[in-house]
Amino acid sequence: MGKFTLHYVPYSLTLKHVFTVASGSRSSTPVVLVALEYDGFVGYGEASMPFYLGESHKSVLEFLNKVDLSSFQDPFLTEDILVYIDSIASGNTAAKASFDIALHDLIGKMLGQPWFRIWGYNAEGTPETSFTIGIDKEEVLKEKVREATGYRMLKIKLGLDTDKAIINAIREVTSVPICVDVNQGWSNKEKALEMAHWLKDQGVVFIEQPMPAANLDDNAWLTERSPIPTIGDEAVQRLGDIHRAKDVYSGINIKLMKCTGMREAHKMIELARALDLKVMLGCMTETSCAITAAAQLAPAVDWADLDGALLISNDVFDGMWIKEGRIVIPERPGIGIKIS
Ligand code: MG
């Protein structure tokens, strides 16, 4: 039996464009890159920490410093190892995800298989992925839409008082289906319902996190009446949140950085399906490492929004790509990446 060695290094992702959502703007995102070594194999992982989620270089490095793998000798005991990782501290979901992804990459490499195949998913069944466009001036929005020609779906950030103007501007330059992410930006349920009807007429497919996550009653009221599905994102972090989301939203947005990684994301998809919830797979600003790890789950979801690596100019990995709007998962073992 071998021995684990864990390495990690802070890194900063540079965004190609300043990215604005209802809660603020940013031009870079801190990440931590992780490598887990065992028996000559190396698995890679990543934690991404947009400021509004409460994790940072400091908190992730502190968390990873506490990881003690001396009592584990078998990497295939993922339940034992990842339950231990989760027990080190509460929260720290991105830090936990970085380890989880590295362990999955390691195991896949030891087995010589990509994870979509280990899980039994058909790589031909990946959904189209949306390209996210942040809140911006109309001219910049139009320019970004023109840059996103390879995509068959756009995700538009809303939630300020410019929502209709933004959608009108987008519709002047493209007719592709749109999904919108309000990031909890609407506060009035009647106005939200009016917007849902208007958005449906503009070719909008679903609305992500329309009102504040804490406001269960209003989100449930809207979901019951909305002509298009609602998706809970900020309201649903981990497996244990799904039962509460069941009667509040039409579906949920699963992200590796929120749910501690691939193991729990896989369980969340199974549970959401059993409860008849729609499933969307999202991301933070991430390199191709965490994005391609998430892509392994893409054949099992309704919608994917895995564009994080395309929004940055300093990716360090080569991984999934987009062909005719659809996700292509590389035929490489583990999470499917190589260092670029
Ligand atoms: Mg969202």
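Under our numbering, the first residue of the sequence shown carries the number -7, and numbering increases by one thereafter. Each residue gets a CB set at the ideal place from its N, CA and C atoms; glycine is no exception. Bear in mind that the values here come from a model prediction, so they are computed numbers and not experimental data.
Expressed to the nearest angstrom, what Euclidean distance is found between the alpha-carbon atoms of residue i and residue j?
i: residue 244; j: residue 131; result: 32 Å
i: residue 268; j: residue 50; result: 39 Å
i: residue 162; j: residue 177; result: 19 Å
i: residue 254; j: residue 74; result: 11 Å
i: residue 149; j: residue 297; result: 13 Å
i: residue 239; j: residue 211; result: 9 Å
i: residue 153; j: residue 312; result: 36 Å
i: residue 76; j: residue -6; result: 19 Å
i: residue 294; j: residue 205; result: 22 Å
i: residue 247; j: residue 224; result: 12 Å
i: residue 305; j: residue 184; result: 36 Å
i: residue 252; j: residue 218; result: 31 Å
i: residue 180; j: residue 290; result: 34 Å
i: residue 104; j: residue 151; result: 45 Å
i: residue 160; j: residue 137; result: 13 Å
i: residue 193; j: residue 57; result: 52 Å
i: residue 170; j: residue 113; result: 26 Å
i: residue 13; j: residue 70; result: 36 Å
i: residue 221; j: residue 301; result: 27 Å
i: residue 109; j: residue 257; result: 16 Å
i: residue 228; j: residue 234; result: 7 Å
Just verifying my parser: in three-state terms, what is the DSSP assignment at residue i?
i: residue 160; result: helix
i: residue 284; result: helix
i: residue 52; result: helix
i: residue 329; result: coil
i: residue 103; result: helix
i: residue 238; result: coil
i: residue 110; result: helix
i: residue 211; result: helix
i: residue 47; result: coil
i: residue 217; result: helix
i: residue 232; result: helix
i: residue 184; result: helix
Inspect the beta-carbon positions of residue i and residue j and report whether they are closer than 9 Å.
i: residue 29; j: residue 37; result: no
i: residue 167; j: residue 142; result: no
i: residue 82; j: residue 39; result: no
i: residue 324; j: residue 106; result: yes
i: residue 200; j: residue 5; result: no
i: residue 0; j: residue 61; result: no
i: residue 274; j: residue 100; result: no
i: residue 78; j: residue 285; result: no
i: residue 47; j: residue 94; result: no
i: residue 319; j: residue 118; result: yes
Under the DSSP definition of a beta bridge, which residues are partnered with residue i?
i: residue 13; result: 16
i: residue 39; result: 24
i: residue -1; result: 27
i: residue 196; result: 170
i: residue 224; result: 244
i: residue 6; result: 20
i: residue 33; result: 30
i: residue 149; result: 173
Identify every run of the alpha helix (DSSP H) within the region 259 to 319, keeping only runs that are complete inside it and at least 4 residues long; order them along the chain. Whole alpha helix (DSSP H) segments, 4+ residues: 280 to 287.
Those runs of the beta strand (DSSP E) which lie wholly inside the region 115 to 146 and span at least 3 residues: 123 to 125
Considering only residues of the region 55 to 100, which uninterrupted alpha helix (DSSP H) runs meet the minimum length of 4 residues and lie entirely inside it, listed in chain order? The region 55 to 100 contains, as complete alpha helix (DSSP H) runs of 4+ residues, the segments 70 to 79 (chain order).
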